[in-house]
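Novice: Same order as they appear, the protein sequences are chains Y and G.
Be aware that the first sequence starts at 1, since it is given in the working numbering, and climbs by one per residue.
Be aware that the second sequence starts at 1, since it is given in the working numbering, and climbs by one per residue.
For glycine and all other residues, C-beta sits at the position ideal for the given N, C-alpha and C.
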Amino acid sequence: MAETSDPDDLKARVEQIGRDAGAERVACCIFDYHTRGWWDYQGDDWFHAASTIKVPILVGVFGAIHRGQLARESRVHVRNRFLSVANGEPFRVEAARDANAVVPQHLGRTLKVDELCFHMIVTSSNLATNLLVDLVGLDDLRASVKELEIDGVELARGVEDNDAYDRGISNRVTARGMVKTLRHIEEGTAFSVEASARMLEIMHEQEFRSGIPAGVPDGAKVANKTGEISTVAHDAAIVYLPGRKPYAITVLTEWKPGASGRHDTIARISRAVYNHLTAAGKKNA
Amino acid sequence: MPDATVLRMVDGTTLGAEYRAVLRPGELMRDRSRRFRRLPRFFYEIPSWDVALDTQLAPHFQLWEFINVDVRETELLRASWPRYIPCAVSLLAAYLELFRQEVGTYVHVAANGGYRSPAHRFSGHASPHLWGTAANIYRIGDDWLDDDRTITRYGKIAEKVLPGIRALPWGHGVGETDDQLHLDLGYTVVVPSDAPGEEDAGPVPGHDSDVNETAEVGAQ
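Right, here's the structure in full:
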C-alpha cells in the first residue's frame with residue numbers, strides 16, 4: 001500500500017498532541033482518496049469502541065435490509081427492555097445518558113428502521129441502537145461485517161449492557177478497522193450503492209461536531225460518528241474538501257477518567273492530518 | 001364511527017392457503033407449559049387501515065390499537081390487506097373499556113401488544129395474544145407502566161373490576177412483566193351468533209357424545 005508523503009512528520013505531530021494533552025493512548029488511521037494512500041499511527045491497536053461501534057451496526061442493519069430480512073420502512077416497536085449478553089438479565093437504557101429525545105418519546109409505539117438508524121447515528125441514540133441490535137441480532141450484524149471483510153471491528157453486544165461490561169465483554173475497534181468500514185460506505189460497496197448512499201447521507205447529518213469536523217476548515221463537509229465513555233473519546237469521519245478527493249480518518253484516544261480536553265485533542269489531530277494532506281497535495285501539484 | 005358489526009366475519013378455515021398458514025384457524029398449539037390449546041377459528045376481516053382507524057370496538061378503543069404490530073409480524077398481516085383478527089377482540093375491548101372507566105383516563109395498548117398471529121416472531125407458544133384476548137398496556141394517563149409500584153397498582157385495579165381477568169405480576173421472570181401491564185382473558189373464543197356455521201369436522205377423539213349431538217343438530 002502506498003503511503004502519503006512525510007509520514008514521520010505526521011507521526012511525530014500526532015504523538016506530540018497526545019502527549020501534550022495527557023492521553024493514555026492515541027491511534028489514527030487515514031485513507032486518502034486523493035493519493036490512494038494509507039497512513040496510520042497505532043492503527044491496529046484495539047480500543048473500547050464506545051459509540052463508534054454504531055457505524056458497523058449501521059452497516060449490519062443495511063446488510064439485513066439487503067438480504068431482505070427487513071426494509072428501511074419496516075416498523076419497530078420502541079421498547080426500553082433488553083437482555084444482557086452476559087447473563088440474560090433485563091436492563092434498560094438510561095434516558096439521562098441518551099442525547100436523543102425523539103426515540104424515548106415513541107415508547108410503546110413504533111419507529112421505522114430508517115428512523116432508528118438516523119437517530120442511532122445523528123444523535124447517537126443508545127435506545128435506537130439497542131432496538132436495532134435486538135431486531136437484527138448480533139449474529140446477523142457480525143455476518144454483515146464479515147461479508148464486507150472488515151477486520152478491526154469486534155461487535156460483542158449492544159450498548160449500556162453493564163453486566164457484560166463488568167465481565168469484560170465490550171465492543172472493540174481499531175482505527176484501521178473503522179477506516180475500512182468508512183471506505184465501504186464512501187465507495188458504495190456496503191452491499192449496494194443505494195444502501196451506502198443512505199448511510200453516508202445519515203452520517204452527514206451528524207450533530208456532534210467537536211472532534212474531527214472542528215479540525216478542518218468551514219468549507220469542508222464531514223460525515224462522522226463520535227464515541228465517548230469515561231475512558232475513551234473517538235471520532236471516525238469522511239472529510240470532503242473543495243478541490244480534492246475526500247479522505248477517511250479515524251482518531252481513537254484513551255484517557256484517565258475525568259480527563260479534560262478530549263474533543264480538542266481529536267480536533268487538533270484532525271487539523272494536523274488536514275495540514276499534512278493538503279501540504280502534500282500542494283507539494284505534489 | 002362504525003362499530004365491529006360493520007366487519008365481515010369469516011370462518012378462517014375457508015380462507016386461502018396463505019392466510020390459513022399464518023392464522024392456523026382451529027389448529028392446536030402448545031402453551032408455555034406444553035399443554036395443547038385450540039386456536040380461534042372465527043375472525044373479523046379488516047379491509048384497510050382506514051377501516052381499522054374508524055372502527056370503534058368500544059367507546060374509547062379502536063380496532064387499529066389491536067392490530068398495531070411491527071416487523072416481527074408476518075408480512076401478510078402487516079403489509080397487505082385484508083387482515084384478520086379473532087372475534088374475541090371485541091370482548092377484550094369491552095373489558096378494557098370497563099378498566100378505563102375505573103382508572104378514569106387514557107389506556108394505551110403497546111405495539112405488538114394486541115393481537116399477534118401464530119406466525120408472529122414472538123409467538124413461540126400459545127399465548128392469549130393469539131386469541132385476541134390479551135393487551136399489553138404501556139401507559140395509563142401520565143403513568144408509565146415500568147415499575148413494580150405502578151404495574152402492581154393497576155393490575156390490582158384490573159383484577160378488582162374485571163371478572164376473570166389475569167394481570168401478570170411485576171417481575172423479570174417468565175410469567176412476569178416489568179415494562180408494561182399485561183391483561184388477558186385466557187384462551188377465550190368468541191363465536192358471534194351470526195357467524196358462519198361450523199361444518200362437521202368428524203369425530204373428536206374422546207368426545208363421541210359430542211359427535212352424536214352435532215349430527216342431530218345437523219339433521220334438523
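Please identify the residue among Y:I30, Y:R244, Y:L116, Y:A50 whose C-alpha is closest to the C-alpha of Y:Y165.
Specialist: Here the question's residue 165 of chain Y lines up with position 165 in the first sequence. Y:Y165 has its Cα closest to that of Y:A50, out of Y:I30, Y:R244, Y:L116, Y:A50.
Novice: Pick from G:E97, G:R8, G:R34: whose alpha carbon is nearest that of G:H125?
Specialist: By 1-based counting over the second sequence, the position of residue 125 of chain G is 125. It is G:R34.
Novice: Since Y:P257 and Y:T231 should fall inside the 8 Å C-beta cutoff, what is the C-beta to C-beta distance between them, to a whole number of angstroms?
Specialist: For the purposes of this step, residue 257 of chain Y is taken as the residue at position 257 of the first sequence. For the purposes of this step, residue 231 of chain Y is taken as the residue at position 231 of the first sequence. About 6 Å; that satisfies the 8 Å criterion.
Novice: Answer with buried or exposed for G:R8, where buried requires no fewer than 16 other C-beta atoms within 10 angstroms of its C-beta.
Specialist: In the second sequence, residue 8 of chain G corresponds to position 8, counting from 1. Result: exposed.
Novice: Do the stretch 53-65 of chain Y and the stretch 89-104 of chain Y make contact, defined as three or more Cβ pairs closer than 8 Å?
Specialist: No: the two stretches stay apart, fewer than three of their Cβ pairs being nearer than 8 Å.
Novice: Short of 7 Å in beta carbon distance, which residues of its chain neighbour Y:H77, apart from the five on each side in sequence? Order them along the chain.
Specialist: As a working mapping, residue 77 of chain Y is identified with position 77 in the first sequence. Counting only Cβ-Cβ distances below 7 Å, and skipping sequence neighbours, we find T110.
Novice: Y:G215 and Y:A267 - do their beta-carbons sit closer together than 7 Å?
Specialist: Residue 267 of chain Y sits at position 267 when you count from the first residue of the first sequence. Residue 215 of chain Y sits at position 215 when you count from the first residue of the first sequence. Yes, Cβ-Cβ distance for Y:A267 and Y:G215 is below 7 Å.
Novice: Using 7 Å as the limit for Cβ to Cβ distance, is G:A135 near chain Y?
Specialist: Locating residue 135 of chain G in the second sequence gives position 135, counting from the first residue. By this cut-off, G:A135 is not an interface position.
Novice: So the candidates are G:N136, G:D194, G:Y19, G:V89; which of them puts its Cα closest to the Cα of G:Y187?
Specialist: By one-based count along the second sequence, residue 187 of chain G stands at place 187. Closest by alpha carbon: G:V89.
Novice: If distances are taken between C-alpha atoms only, which option among G:S80, G:I46, G:E75 comes closest to G:E65?
Specialist: Locating residue 65 of chain G in the second sequence gives position 65, where the first residue counts as 1. When each option's Cα is compared against that of G:E65, the closest is G:I46.
Novice: For Y:K112, which residues in the same chain have their Cβ closer than 8 Å to its Cβ, ignoring the five residues on either side in sequence?
Specialist: Counting from 1 along the first sequence, the entry for residue 112 of chain Y is found at position 112. So the list reads R72, E73, S74, R75, V76, once near-sequence residues are dropped.
Novice: Relative to the alpha-carbon of Y:L135, which residue among Y:V153, Y:L116, Y:D151 has its alpha-carbon at the smallest distance?
Specialist: The residue you call residue 135 of chain Y lines up with position 135 of the first sequence. When each option's Cα is compared against that of Y:L135, the closest is Y:L116.
Novice: Assign G:A219 to one of three DSSP states: helix, strand, or coil.
Specialist: On the second sequence, position 219 is the one that residue 219 of chain G refers to. Only weak support exists for where G:A219 lies, its pLDDT of 31 falling under 50; the value from the coordinates is given anyway. Reduced to three states, the DSSP call for G:A219 is helix.
Novice: Taking the straight line between their C-alpha atoms, what separation do you get for G:Y19 and Y:L182?
Specialist: Residue mapping note: residue 19 of chain G aligns to position 19 of the second sequence, counting from 1. Residue mapping note: residue 182 of chain Y aligns to position 182 of the first sequence, counting from 1. G:Y19 and Y:L182: Cα-Cα distance of roughly 43 Å.
Novice: Counting only C-beta atoms, is Y:P90 closer than 7 Å to chain G at any point?
Specialist: Start at 1 with the first residue of the first sequence, and residue 90 of chain Y comes out as number 90. Yes, because at least one Cβ of chain G sits closer than 7 Å to the Cβ of Y:P90.
Novice: Nearest by alpha-carbon distance to G:T177: which of G:P2, G:P118, G:G113 is it?
Specialist: The residue you call residue 177 of chain G lines up with position 177 of the second sequence. Here the closest residue by C-alpha is G:G113.
Novice: Can you pull out the residues from the stretch 177-191 of chain G whose beta carbon lies closer than 9 Å to at least one beta carbon of chain Y?
Specialist: Cβ contacts with chain Y: D178, D179, Q180.
Novice: So, Y:G108 versus G:R139, is the Cβ gap smaller than 7 Å?
Specialist: Position 108 of the first sequence, counted from the first residue, corresponds to residue 108 of chain Y. Position 139 of the second sequence, counted from the first residue, corresponds to residue 139 of chain G. Yes.
Novice: State yes or no: is the beta carbon of Y:R75 nearer than 7 Å to at least one beta carbon in chain G?
Specialist: For this step, residue 75 of chain Y is matched to residue 75 along the first sequence. Chain G contact via Cβ: present.
Novice: Given Y:G219, which residues of its chain have a CB within under 7 Å of its CB, disregarding the five upstream and five downstream residues?
Specialist: Locating residue 219 of chain Y in the first sequence gives position 219, counting from the first residue. Result list for Y:G219: P242, in chain order.
Novice: Bridge partners of Y:C28, per DSSP?
Specialist: The residue labelled residue 28 of chain Y in the question sits at position 28 within the first sequence. Paired residue(s): Y:Y41, Y:V251.
Novice: Please work out which residues of its chain come closer than 7 Å, Cβ to Cβ, to G:R30, disregarding the five sequence neighbours upstream and downstream, and give them in chain order.
Specialist: As a working note, residue 30 of chain G is residue 30 in the second sequence. F36, H125, A126.
Novice: Between the C-alpha atoms of Y:Y33 and Y:L10, what's the straight-line distance to the nearest angstrom?
Specialist: By 1-based counting over the first sequence, the position of residue 33 of chain Y is 33. By 1-based counting over the first sequence, the position of residue 10 of chain Y is 10. Rounded to the nearest angstrom, the two C-alpha atoms are 18 Å apart.
Novice: Pick out the complete alpha helix (DSSP H) segments inside the stretch 183-265 of chain Y, 4 residues or longer, and give them in chain order.
Specialist: Complete alpha helix (DSSP H) runs here, min 4: 193-204.
Novice: Please classify G:D184: does DSSP put it in a helix, a strand, or coil?
Specialist: Locating residue 184 of chain G in the second sequence gives position 184, counting from the first residue. Here G:D184 sits in strand by DSSP.
Novice: Residues bridged to G:V107 by DSSP?
Specialist: Numbered from its first residue, the second sequence carries residue 107 of chain G at position 107. Answer is G:I140.
Novice: Using 7 Å as the limit for Cβ to Cβ distance, is Y:T110 near chain G?
Specialist: The sequence position of residue 110 of chain Y within the first sequence is 110, counting from 1. Yes, because at least one Cβ of chain G sits closer than 7 Å to the Cβ of Y:T110.
Novice: Can you have a look at Y:L70 and say buried or exposed, based on whether 16 or more other CB atoms are within 10 angstroms of its CB?
Specialist: The sequence position of residue 70 of chain Y within the first sequence is 70, counting from 1. With 16 or more Cβ atoms within 10 Å of its Cβ, Y:L70 is classed as buried.
Novice: Given Y:A197, which residues of its chain have a CB within under 8 Å of its CB, disregarding the five upstream and five downstream residues?
Specialist: Mapped onto the first sequence, residue 197 of chain Y falls at position 197. Same-chain partners within the cutoff: G188.
Novice: For G:D3, name the three-state secondary structure that DSSP assigns.
Specialist: Taking the first residue of the second sequence as position 1, residue 3 of chain G is located at position 3. Residue state, collapsed to three classes: strand.
Novice: In chain Y, which residues lie less than 7 Å from G:Y279 when you measure between Cβ atoms?
Specialist: Only positions 1 to 220 of chain G appear in the structure, and residue 279 of chain G is not among them; the question remains open.
Novice: Rounded to the nearest angstrom, how far is the Cβ of G:A167 from that of G:L183, given a contact under 8 Å?
Specialist: Locating residue 167 of chain G in the second sequence gives position 167, counting from the first residue. Locating residue 183 of chain G in the second sequence gives position 183, counting from the first residue. 5 Å between Cβ atoms; contact.
Novice: Among residues of its own chain, excluding the 5 on either side of Y:D139, which ones have a beta-carbon nearer than 6 Å to its beta-carbon?
Specialist: Looking up residue 139 of chain Y in the first sequence gives position 139. Counting only Cβ-Cβ distances below 6 Å, and skipping sequence neighbours, we find nothing.
Novice: Give me whichever residues DSSP pairs with G:Q62 in a beta bridge.
Specialist: Against the second sequence, residue 62 of chain G aligns to sequence position 62. In the DSSP output, where bridge partners are listed per residue, G:Q62 has G:Q56.
Novice: Going by CA-CA distance only, name the one from Y:N224, Y:I169, Y:K146 that's closest to Y:A64.
Specialist: Position 64 of the first sequence, counting from 1, holds the residue named residue 64 of chain Y. The option with the nearest alpha carbon to Y:A64 is Y:K146.
Novice: Here's a check: name, in chain order, each residue in its chain whose Cβ is nearer than 6 Å to the Cβ of Y:H276, leaving out the five neighbours to either side.
Specialist: Residue numbering aside, residue 276 of chain Y sits at position 276 when the first sequence is read from its first letter. Within the same chain, Y:H276 has close Cβ partners L10.
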